[in-house]
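S.K.: Got a structure for you, questions after.
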Amino acid sequence: MPAHVYSVDYFYTTVEDEPGQGCQFLKMLASEEVNLLAFNAFPVGRDRTQLVIYPRNSLWLSDLARTQGLRLVGPHHAFIIHGDDELGALVDLHQSLCDEQINITSANGVTDGRGGYRYIMHVHPDQYERAMEVLDVDQRLKPMADYHLDLHRRFEAKG
């Protein structure tokens with residue numbers, strides 16, 4: 003299977019680096035039915051942790067942030083790639099960006115243990131549109147379209 007490349011939004015926030023902060027944040031997202039494509043956390047400084055959120059629906063996450071007073075930075079843009087786990091699976095993708103002088107600023111990947119992989123890749127915002135062309139991203143495709151959770155956003159009158 004060739005690699006499938008999707009454009010995704012992501013947001014980030016910073017929390018105190020204390021036990022349970024990430025758990026509380028994830029519980030809040032789940033309680034408001036904000037489904038995630040990916041999530042990452044890493045330390046920034048001595049006592050802070052940055053949480054990076056790749057929501058399936060950016061509007062729901064933005065709505066949650068407004069109602070909960072949560073300070074999110076974003077949306078920013080990234081790519082999620084998935085394909086068959088084979089030797090050199092990412093070489094062509096990286097080479098095509100390299101040939102166009104597009105720098106990958108950060109990336110993370112994992113194999114799924116069933117012969118596939120998932121990869122999150124960031125490029126500089128000034129190079130994002132060009133990277134979309136080089137990678138031939140079809141924006142009509144939805145990321146992770148082969149996965150579906152039957153979750154429905156609750157719409158309740160508040161107050």
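Those letters in the sequence shown? Residues 3 to 161, per this note's numbering, in order. Glycine is no exception: its CB is placed at the ideal position from the N, C-alpha and C atoms.
Could you give the first and the last residue of the continuous alpha helix (DSSP H) run that contains residue 187?
M.R.: Residue 187 falls outside the range modelled here, since the chain spans only 3 to 161, and no answer is possible.
S.K.: On a CA-only basis, which of 117, 47 and 15 is nearest residue 88? Give me that one, please.
M.R.: 117
S.K.: Would you report the Cα separation of residue 60 and residue 77, rounded to the nearest angstrom?
M.R.: 8 Å
S.K.: Where does residue 77 fall in DSSP's three states?
M.R.: strand
S.K.: Which of the three DSSP states, helix, strand or coil, is assigned to residue 18?
M.R.: Strand, per DSSP.
S.K.: Spatial neighbours of residue 73 within its chain, please: CB distance less than 8 Å, with the 5 preceding and 5 following residues excluded, ordered by chain position.
M.R.: Same-chain partners within the cutoff: 15 and 67.
S.K.: DSSP on residue 120, reduced to helix/strand/coil?
M.R.: strand
S.K.: Output yes or no for whether 7 Å exceeds the beta carbon distance between residue 37 and residue 58.
M.R.: In this structure, residue 58 lies closer than 7 Å to residue 37 by Cβ.
S.K.: Could you please give the first and the last residue of the uninterrupted beta strand (DSSP E) stretch that includes residue 112?
M.R.: Here the beta strand (DSSP E) through residue 112 covers 106 to 113.
S.K.: Which residues bound the alpha helix (DSSP H) around residue 28?
M.R.: 23 to 33
S.K.: Where residue 23 and residue 71 are concerned, what is the direct C-alpha to C-alpha distance, given to the nearest angstrom?
M.R.: 16 Å
S.K.: Who are the Cβ neighbours of residue 85 in its own chain at under 8 Å, not counting the five residues just before and after it?
M.R.: 3, 4, 5, 6, 91, 118 and 119
S.K.: Spatial neighbours of residue 19 within its chain, please: CB distance less than 7 Å, with the 5 preceding and 5 following residues excluded, ordered by chain position.
M.R.: Around residue 19: 45, 49, 50 and 51.
S.K.: Give me the residue from 12, 63, 114 and 97 with the minimum Cα distance to residue 137.
M.R.: 97
S.K.: Between residue 35 and residue 27, what straight-line distance do the alpha-carbon atoms span, to the nearest angstrom?
M.R.: Residue 27 has its alpha-carbon roughly 13 Å from the corresponding atom of residue 35.
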